[in-house]
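No gaps in the numbering here: position 55 of the sequence shown is 54 in numbering that gives the first Met the number 0, and each next residue is one more.
Data block below; observations after.
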Amino acid sequence: MNEKSPALQDEDEAQDDGAAPRDELAELRRQNEELLTKLKYLQAEFENYRKRVDRDAATVVKFAHELLLSRLLPVIDEMDAAVAALEGKAGEGVRMVRDNLAKVLQEVGLQEIPAAGRVFDPYEMDCIEQVPDPELKDGIVKSVVRKGYRLHDRVLRPAQVIVVKNRGETNG
0 MNEKSPALQD EDEAQDDGAA PRDELAELRR QNEELLTKLK YLQAEFENYR KRVDRDAATV
60 VKFAHELLLS RLLPVIDEMD AAVAALEGKA GEGVRMVRDN LAKVLQEVGL QEIPAAGRVF
120 DPYEMDCIEQ VPDPELKDGI VKSVVRKGYR LHDRVLRPAQ VIVVKNRGET NG
């Protein structure tokens with residue numbers, strides 16, 4: 000007969016009871032590792048989200064003045080025309096006001112696009128006329144009709160320019 004004595008039955012139960020907590024402990028450790036891995040992914044995802052939000056907020060701040068500045072550009076053009084037309088103290092006064100305004104606008108990131116004497120850049124300039132000039136190569140900006148401006152790295156208004164185009168020469 001295969002009946003075990005009560006002492007042997009208690010020993011078998013103790014071994015079974017020992018195996019169950021070990022299995023349970025192993026399962027808990029596996030779950031713990033799984034949760035730690037998920038937590039690390041969530042932390043990384045949140046950090047990326049935070050950086051993206053910070054970057055987006057910085058961009059909004061950087062270009063918040065864009066509409067106002069674009070509306071001020073004609074005023075700057077008019078001040079430039081007034082400086083050119085006026086002589087004496089009146090012209091000097093308008094020039095000083097224009098220079099002060101330009102300084103403030105530069106502090107917020109507005110920059111004049113340099114164009115005269117440079118190679119035509121269609122991303123920053125609009126060619127409104129082509130003229131021959133044997134002194135200059137094709138594609139060089141001969142003169143600026145209206146100044147262009149950029150705000151930080153974004154073109155706010157392209158420069159309107161006259162570009163050299165000589166007959167018989169080929170571009171490129």
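Yeah, the Cβ is synthetic: ideal placement off N, Cα and C, and Gly gets one too.
Predicted model, so just to flag it, every value in this text is computed and none were measured.
A straight-line Cα-Cα distance of about 8 Å links residue 65 and residue 155.
As the crow flies, the alpha-carbon of residue 73 is around 49 Å from that of residue 42. In chain order, 82 place their CB closer than 7 Å to the CB of residue 94, counting only its own chain and leaving out the 5 sequence neighbours on each side. When rounded, the separation of the alpha-carbon atoms in residue 111 and residue 151 is 10 Å.
Non-local beta-carbon contacts of residue 145 in its own chain, meaning distances under 6 Å to residues more than five positions away in sequence, involve 159 in chain order. Per DSSP, reduced to three states, the secondary structure at residue 158 is strand. Residue range 147-150 is occupied by the beta strand (DSSP E) that includes residue 147.
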